[in-house]
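In this note's numbering, the protein residues as written are 7 to 749.
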RNA sequence: UGGCCCGUGGUCGAAUUGGCAAGACGCUGGGUUCUGGCCCCAGAGGUUCUAGGUUCGAGUCCUAGCGGGCCAGCCA
């Protein structure tokens with residue numbers, strides 16, 4: 007069966023817009039504020055914005071959202087461009103919100119002239135106080151009703167620099183009592199006598215995000231403006247400005263997706279900046295930082311970041327991605343790209359007692375058997391070697407596959423060795439293992455074909471190099487450092503451990519990515535190739551602690567027991583209405599919906615008067631016309647006619663719903679719509695019987711499965727018949743026919 | 001507390017728009033193996049938050065509840 011490509015809701019929207027002809031092209035934008043370095047959260051936005059544009063052969067621009075001169079700096083612009091490019095994306099153009107300052111200002115004057123904006127001279131404190139709270143409406147500014155002429159004059163004074171910072175602001179005149187607080191006369195411009203990194207001192211008033219963003223999108227010709235969920239509330243004002251500025255459909259629309267959150271990772275820009283300025287990390291590109299530049303220095307490749315974003319998906323639900331997925335994607339990305347090498351992090355010496363020769367140079371392949379790549383290097387074997395201290399156990403636990411007294415193991419690419427003697431110092435610490443090797447086992451296999459339990463990595467003590475290795479752990483041990491108040495106390499002091507390791511000669515002077523066998527993937531530092539960063543450990547099924555692997559399950563709060571259903575409204579008038587409806591034969595749940603809803607109840611009353619049968623009418627209204635501002639083009643008469651039609655079996659419930667949608671959107675006469683759309687229900691037993699047989703014949707395997715007990719398939723068969731009949735089959739009849747044939 | 005958004009195996013997420021609850025990560029067991037890696041096979045894990053309702057049929061629509069998130073910056 008063909009795999010269905012996994013989708014996401016934004017992709018679906020774009021596809022629909024293209025299919026319906028709303029848009030003939032796709033344009034997105036990535037709009038970072040140049041006040042810091044890009045991090046993993048931005049990487050998601052970049053992948054989605056650029057990725058979607060590329061997928062639909064559209065355009066994605068880079069737009070620096072530089073509306074606040076005191077926070078922004080050119081230093082960051084270069085870094086942003088570098089990071090986007092490094093991630094593998096190309097922009098159509100580089101734009102700045104500041105490119106539109108002139109147009110934005112003109113639009114502002116036009117809004118003022120039309121009485122849609124005003125200059126407010128309240129202080130910041132007053133503005134805040136008068137905005138009200140989430141439960142109380144705001145109170146209008148005393149300056150709210152000044153004349154357009156006076157507002158224009160003040161605005162021009164603001165622009166001309168006649169007023170100090172904070173003296174006045176320009177506000178959109180929307181609604182001080184709006185439930186959505188963003189709509190309570192949002193600020194459009196504030197005075198800032200500050201030098202802007204691009205426009206210099208040309209301006210002393212600067213637009214706010216809410217004013218500038220949507221209009222910048224509209225001016226650039228963006229079709230789909232993607233941002234994160236916390237801007238959901240802002241969409242209303244986005245639309246308001248774009249519309250009032252005169253941009254008509256098709257115009258840009260904003261779509262919000264959930265932010266990326268990764269277990270143990272903090273992505274707050276402000277906090278990241280503090281880590282840098284407090285010197286807790288070495289800089290924005292410290293390998294422990296979740297910045298793009300930090301990940302780059304660590305050795306994570308852009309393909310891994312893209313794959314990770316791809317696998318975590320795009321949705322509207324807040325979520326926290328488990329670190330396992332991150333690790334897994336990085337390993338997967340490096341597996342076929344990182345040649346294998348050996349090094350020992352915590353060495354213990356072994357002496358091969360029966361080794362007579364000096365140094366023997368063995369041939370070791372760069373890749374394991376399952377990776378179809380060539381290449382090899384020379385590896386020195388000698389009398390004294392190092393192995394990993396943790397690869398030896400004096401008293402091996404169960405299932406131990408490594409070295410232990412009297413146990414034979416393989417030294418990778420080398421020989422089979424057996425531990426004969428354990429040498430300890432006075433304190434009892436093991437200082438050396440005396441082993442013997444099998445001269446016949448060169449390359450790692452004995453001629454007699456005997457098997458050994460395990461294979462260890464090793465290096466020659468006589469021909470090895472010291473390398474600096476840096477091992478990392480997350481900066482935070484808690485799942486969501488962003489959510490923690492005292493996050494600074496939660497830093498893991500062992501997030502970076504620097505050690506000197508013993509490495510095979512081929513690692514000396516090497517650069518790039520390597521898998522140090524059995525230890526993990528490592529990358530040399532871009533500026534200092536003598537430093538090896540551990541990018542990620544190898545997966546291991548030995549000594550694993552399951553508790554560390556997944557985020558702690560979020561507690562499912564104990565459900566409070568459901569209160570016995572009571573549909574009767576509290577409000578006295580509604581309760582009376584409820585009683586009447588119930589007396590008329592309407593069920594309580596349905597009456598409970600209609601009674602308190604003036605719009606729906608009025609519709610019910612009128613449609614009832616127009617001749618619709620009460621119960622089906624009430625059911626339809628209550629269960630289909632729920633949260634709605636208005637009824638569109640739907641009239642009570644049309645609704646009554648529709649209910650009558652459905653009640654007489656002329657259309658099935660699918661058809662009735664389709665007609666209802668049409669009535670709301672365009673109005674019309676139900677019977678005519680039914681005919682125009684071919685929705686008349688088919689209840690002809692012969693016709694339906696043929697279709698049922700056809701479906702049953704087309705899916706013999708499923709028929710088998712059904713007879714084997716998978717009764718859920720009944721819905722599938724019905725669905726198939728419904729599809730074949732364009733939705734017009736009588737489903738009850740189909741079920742009956744199906745039952746006759748299958749049961 | 002008002003408005004809005006969101007609840008699908010442990011985690012992230014699909015579901016032909018009302019018709020078979022995908023896939024990946026993780027977990028368990030097995031196979032393979034000169035990496036306790038990779039790869040292969042099998043398996044466990046679900047009242048799709050809860051309770052009602054509409055419907056032949058609900059993860060999807062309606063109502064209520066529960067839980068989480070966002071909004072009261074002259075930040076973005």
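Glycine is no exception: its CB is placed at the ideal position from the N, C-alpha and C atoms.
| Check | Outcome |
| --- | --- |
| With 16 other Cβ atoms within 10 Å as the buried cut-off, status of residue 505 | exposed |
| C-beta atoms of residue 797 and residue 512 nearer than 8 Å | In the structure as shown, the chain starts at 7 and stops at 749, and residue 797 therefore has no counterpart that could be examined. |
| Rounded C-alpha distance that separates residue 573 from residue 627 | 16 Å |
| Those residues which DSSP pairs with residue 526 across a bridge | 522 |
| Contact between the stretch 515-530 and the stretch 480-497 (3+ Cβ pairs under 8 Å) | no |
| Reduced DSSP category for residue 672 - H, G, I as helix; E, B as strand; rest coil | helix |
| Three-state secondary structure (DSSP) of residue 741 | helix |
| Own chain residues within Cβ distance below 6 Å of residue 128, not counting five before or after | 147 |
| Contact check, residue 337 vs residue 527, beta carbons under 8 Å | yes |
| Best match in 233, 309, 165, 277 for proximity to residue 258 [C-alpha to C-alpha] | 233 |
| Residue interval of the beta strand (DSSP E) (run including residue 126) | 123-126 |
| Close-in-space but distant-in-sequence residues of the same chain around residue 265 (CB under 7 Å, 5 per side omitted) | 47, 234, 235 |
| Start-to-end residues for the beta strand (DSSP E) that takes in residue 353 | 353-358 |
| Buried or exposed (CB count within 10 angstroms, at least 16 for buried), residue 353 | buried |
| Contacts around residue 65, its chain only, beta-carbon distance under 7 Å, and the 5 residues preceding and following it disregarded | 33, 59, 98 |
| Residue 717 classed as buried or exposed, judged by whether at least 16 other C-beta atoms fall within 10 angstroms | exposed |
| Entirely enclosed beta strand (DSSP E) segments - the stretch 366-447, minimum 3 residues | 366-371, 382-387, 390-394, 414-417, 422-430, 436-443 |
| Heavy atom of the ligand HEM within 7 Å of residue 127 beta-carbon | This structure simply doesn't include the ligand HEM, nor any ligand for that matter. |
| Inter-residue spacing [alpha-carbon to alpha-carbon] between residue 442 and residue 457 | 17 Å |
| Neighbourhood of residue 373 by C-beta distance below 6 Å, restricted to the same chain and skipping five residues each side | 379 |
| Spatially closest choice to residue 690 from 486, 40, 742, 157, by CA coordinates | 742 |
| Between the CA atoms of residue 71 and residue 212 - distance to the nearest angstrom | 12 Å |
| Cβ neighbours of residue 181 in the same chain (closer than 8 Å, five flanking residues each side left out) | 189, 190, 191 |
| Whole-Å CB distance - residue 339 paired with residue 307, under 8 Å assumed | 6 Å |
| C-alpha gap between residue 17 and residue 42, whole angstroms | 29 Å |
| CB of residue 484 within 8 Å of CB of residue 538, strictly | no |
| Residue 446 burial status per 10 Å Cβ neighbour count (16 or more: buried) | exposed |
| Three or more C-beta pairs below 8 Å linking the stretch 191-209 and the stretch 167-181 | yes |
| 6 Å CB neighbourhood of residue 324 in its chain, flanking five on each side removed | 264 |
| Neighbourhood of residue 730 by C-beta, 8 Å cutoff - its chain only, sequence neighbours within 5 removed | 697, 700, 701 |
| Cβ-Cβ separation, residue 368 to residue 385 (assumed contact under 8 Å), whole Å | 5 Å |
| Contact the stretch 270-279 vs the stretch 458-468: 3+ CB pairs below 8 Å | no |
| As assigned by DSSP and simplified to three states, the class of residue 135 | helix |
| Own chain residues within Cβ distance below 8 Å of residue 500, not counting five before or after | 479 |
| Complete runs of the alpha helix (DSSP H) confined to the stretch 440-516 [at least 4 residues] | none |
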